[in-house]
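Numbering (this note's numbering), first residue to last: -9 to 244.
Beta carbons are placed, not taken as given, at the ideal position from N, Cα and C, and that holds for glycine.
Predicted model only: the values in this text are computed from it and were never measured.
The next block holds one structure in the form of structure tokens; read it before the comments.
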């Protein structure tokens, strides 16, 4: 009897559903001749060149809520838990609300009713979604920038990867991005493609009621270009090789 392969999202212990795994395996089979093997990675060149514009600071200006609101990220892997915990006193020290700081230190940051590594919700949002100098965003990211620390090991991967996805198939790691064709198995689903301008130049082009400077059409770039620091951190020795593959393909397309 054939053993079923385990598919999982890299960067989180949260499993893919059977349906997502099925669609992912089907996608790989369909595109097996166009996926480029680089070490343990299967590079989905076409998807990684899909256009996005991560004009994140202006997201709340044009949308009712941002992707950081109304939920929390996928749980983080075991290795990242002590790293985050060690920085919580420093991160919480940057909070403007003293009551919020005390709440963090009293209750911690993990949801004990969910799988280990799951961040707690606070006021309906991820605990780390906080105000900083009049703007709302990730307290981890703000702390890393202000303290001159690397954000990659501190911030949950699933908060950094978008619009890229990394999926461990058991026989290699698929490096792809969310597109209409991959959304059936991507951790990002269909919401970004259907609702947010960052993922759809065509949808943004139709939004003539929005100032041209917000999610400007000339600001859309290939998906992989938004995540190069994180990709280099994750891919390690394969990073330069994969960047070369993607860069060469981009030049050919142009």
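May I ask you to list the residues that DSSP assigns as paired with residue -1? 157
Suppose contacts are defined by Cβ-Cβ distances below 8 Å. Is residue 67 in contact with residue 98 by that definition? no
Going by DSSP in three states, residue 79 sits in which element: helix, strand or coil? helix
Beta-carbon contacts of residue 205 that lie in its chain and below 6 Å, excluding the five residues immediately before and after: 43, 45, 187 and 194
Are residue 147 and residue 2 touching if we call contact CB-CB under 8 Å? yes
Could you spell out where the beta strand (DSSP E) holding residue 32 opens and where it closes? 31 to 33
Rounded straight-line distance, which links the Cα of residue 48 to that of residue 144: 24 Å
Output the boundary residues of the beta strand (DSSP E) element that contains residue 126. 125 to 128
Can you tell me where the beta strand (DSSP E) with residue 163 in it begins and where it stops? 163 to 167
Local conformation of residue 99 per DSSP, three classes: coil
Relative to the C-alpha of residue 201, which candidate in 215, 52, 33 and 32 has its C-alpha closest? 52
Boundaries of the alpha helix (DSSP H) in which residue 222 is found, first to last residue: 218 to 225
Name the DSSP beta bridge partners of residue 121, please? 126
Let me know the secondary structure DSSP gives residue 183 once reduced to three states. helix
Within 10 Å of its beta-carbon, does residue 63 have 16 or more other beta-carbons around it, so buried, or fewer, so exposed? buried
Can you name the start and end residues of the beta strand (DSSP E) that residue 28 belongs to? 26 to 28
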